[in-house]
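Q: One structure, pasted below without further comment.
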Ligand code: PEP
Ligand code: MG
């Protein structure tokens, strides 16, 4: 019988297919004793398994490239840690099998890591993955991870590590559903870049039996279990209709009566530029430069390396607008050379602009690199700071940009409610605002964006979040300045219309969402968007706000 489960849709489209689970089972090998004369053979098996797993991780890294490569190579190094191998050999010497020795040695390494501060504790999941691979190899059972299948399937996982996401084959993975993970977690953002329908934070996802047929609607967050023939036909028809509308949409972003709202792309580096250009992005609204720094967390990349990466992105949009965000380290993106290791609550600690103001040399180098990268290019460079709390922060950033002689507009991200509430005062120091609705929701609702259990408050349709957006947009209008949105809210086509109605002047999103937003925005007039925005703000919940906006726009 058909049942409906509801999670949070994070990547548009409909996928219908059989469920396959991500292999995450931790196998606990039996603690049986071996004979003394078997010890050296067991030690050899252990060494071989460790080397094979490290080689496999390195090879997967090479294949994936970019950020995923750094993660996978770090995992290979964990596997090859000499202390760990010595511990395994000691355990084998006193009678353990290779698999049990590896299992136990990882357990004690894990306990060490878990107690060694926030950053290392965050690596425990990576370590568990390495252990699972080694134990599986020794036991001769399939590797945990992406299922082995020649037939396309809907992937179900508790959560997807960025490394797994990077390796998914879009021709086999029709869509995916996770039980955990907030809609704005960085793994969801990376997953969206894959362009397959996806739903996160779906309670009960892991209980779906292997092979069950599901239909995933990545726009509404609904997952239909054993959908009826009619439901399948209706969903497929709706998806085809959406696709046709997309194919018909091109050109710059605008409402049906010609009110222009530039549609820009969020990029993490030069690797994302081709997809942005192909989707018709009118520029870049958020260049997350920290991904360049996360490759090696021990030192900042050299000025020359930064110049080369920035120039590649700037060159892709001649005459276009490119908004570069200076390094946003800390919280879920810690850097060893910048982020304090002992903060009890890193999301509320020294992150974003706060880190840069504590390390003015790092900011100076980045601004100088940007100035050099833009030399001789006709691009409209704009530079903005993450996590600006007040006018004093905005002034400190603008002063640093002026001191670096940067030929750019300077802006502030609005990610902290104080900056939205006092946007006019922030705008005394900078020329534009950009709303980071992911962090703005996190801080408005006191809901960690990494935690699936509080995903409800990460919903950008919350009327309180819409109020803050309106407050910032109204302030910018009063000051004659611009105010864009670059958080994930801009990627929701219906919400994009509401944001336009609230007075937002540009929308920036992952490239895959641009055609959807363009097509939907082009169906309504500015006045309709304004009415939808007012109706959404007049409600008391995200669900009601969405319904109210939908009602206005569909003329109900
Ligand atoms: C945001 O917080 O909305 C944002 C765009 O920045 P990030 O997602 O990189 O924190
Ligand atoms: Mg942010």
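Residue numbers (our numbering): 3 to 558.
We put the beta carbon where it would ideally sit given N, CA and C, even for glycine.
Please read these numbers as outputs of a predicted model, since none were measured by experiment.
For residue 554, count neighbouring Cβ atoms within 10 angstroms of its own Cβ and tell me buried if that reaches 16, exposed if not.
A: On the chain shown, residue 554 is found 552 positions in, with the first residue counted as 1. Counting Cβ neighbours within 10 Å, residue 554 comes out buried, since at least 16 surround it.
Q: Taking the alpha-carbon positions, what's the residue 559 to residue 389 distance?
A: Past the edges of the chain, shown from 3 to 558, lies residue 559, and the structure says nothing about it.
Q: Between the segment 245-253 and the segment 445-456, are three or more C-beta pairs nearer than 8 Å?
A: Contact between the segment 245-253 and the segment 445-456 is absent, because fewer than three Cβ pairs lie under 8 Å.
Q: Give me the Cα-Cα distance between residue 361 and residue 338, rounded to the nearest whole angstrom.
A: As a working mapping, residue 361 is identified with position 359 in the chain shown. As a working mapping, residue 338 is identified with position 336 in the chain shown. Each residue's alpha carbon lies about 13 Å from the other.
Q: Spell out a yes or no on whether the segment 463-482 and the segment 508-518 are touching, meaning 3 or more CB-CB pairs, one atom from each, closer than 8 Å.
A: no
Q: Cα separation between residue 2 and residue 507?
A: This structure leaves residue 2 out entirely; the chain is present only between 3 and 558.
Q: Using the rule of at least 16 other Cβ atoms within 10 Å of the residue's Cβ for burial, across every protein chain shown, is residue 396 buried or exposed?
A: Here residue 396 is taken as the residue at index 394 of the chain shown, counted from 1. Label assigned to residue 396: buried.
Q: Report the rounded CA-to-CA distance for residue 472 versus residue 486, giving the unit in angstroms.
A: On the chain shown, residue 472 is found 470 positions in, with the first residue counted as 1. On the chain shown, residue 486 is found 484 positions in, with the first residue counted as 1. If you take the alpha carbons of residue 472 and residue 486, they lie about 11 Å apart.
Q: Of the choices 111, 305 and 476, whose alpha-carbon is the least far from that of residue 504?
A: Translated into the one-based positions of the chain shown, residue 504 becomes position 502. If we check each option's Cα against that of residue 504, 476 comes out closest.
Q: Just the residues with CB closer than 6 Å to a heavy atom of the ligand MG, in chain order, which are they?
A: 388, 417, 438, 440 and 441
Q: With a threshold of 7 Å, establish whether the CB of residue 332 neighbours any heavy atom of the ligand PEP.
A: In the chain shown, counting from the first residue as 1, residue 332 sits at position 330. Not so, every heavy atom of the ligand PEP lies at least 7 Å from the Cβ.
Q: For residue 67, which of helix, strand or coil comes out of DSSP?
A: Along the chain shown, one-based indexing puts residue 67 at 65. Residue 67 falls in the coil class under three-state DSSP.
Q: Residue 526 by DSSP, collapsed to three states: which one?
A: For the purposes of this step, residue 526 is taken as residue 524 along the chain shown, with counting starting at 1. Reduced to three states, the DSSP call for residue 526 is coil.
Q: From what residue to what residue does the beta strand (DSSP E) around residue 18 run?
A: Residue mapping note: residue 18 aligns to position 16 of the chain shown, counting from 1. Note, residue 18: beta strand (DSSP E), 16-23.
Q: Can you tell me the Cβ-Cβ gap for residue 220 and residue 254, rounded? I've got them flagged as a contact below 8 Å.
A: To locate residue 220, count along the chain shown from 1; it is residue 218. To locate residue 254, count along the chain shown from 1; it is residue 252. Residue 220 to residue 254, Cβ: 26 Å. No contact.
Q: Answer with buried or exposed for residue 479, where buried requires no fewer than 16 other C-beta atoms within 10 angstroms of its C-beta.
A: If you number the chain shown from 1, residue 479 lands on position 477. By the 10 Å Cβ count, residue 479 comes out exposed.
Q: How would you write the range of the alpha helix (DSSP H) that residue 446 sits in, first residue to last?
A: Residue 446 sits at position 444 when you count from the first residue of the chain shown. Per DSSP, residue 446 is one residue of the alpha helix (DSSP H) stretching across 439-446.
Q: Considering only DSSP beta bridges, list what residue 411 is partnered with.
A: Walking along the chain shown from the start, residue 411 turns up at place 409. Residue 411 pairs with 384.
Q: Run through the segment 53-128 for me and flag every whole alpha helix (DSSP H) of 4 or more residues, listed as ranges in chain order.
A: Whole alpha helix (DSSP H) segments, 4+ residues: 68-81, 84-95, 100-116 and 119-123.
Q: Tell me the rounded alpha-carbon separation between residue 5 and residue 104.
A: Translated into the one-based positions of the chain shown, residue 5 becomes position 3. Translated into the one-based positions of the chain shown, residue 104 becomes position 102. Those two C-alpha atoms are separated by around 43 Å.
Q: Could you say which of 176, 139 and 321 lies nearest to residue 194 if we only look at CA atoms?
A: Here residue 194 is taken as the residue at index 192 of the chain shown, counted from 1. The shortest Cα separation from residue 194 among 176, 139 and 321 belongs to 176.
Q: Quick check: the Cα distance between residue 21 and residue 171, rounded to an integer number of angstroms?
A: Here residue 21 refers to the residue found at position 19 of the chain shown. Here residue 171 refers to the residue found at position 169 of the chain shown. Distance between the alpha carbons of residue 21 and residue 171: 15 Å.
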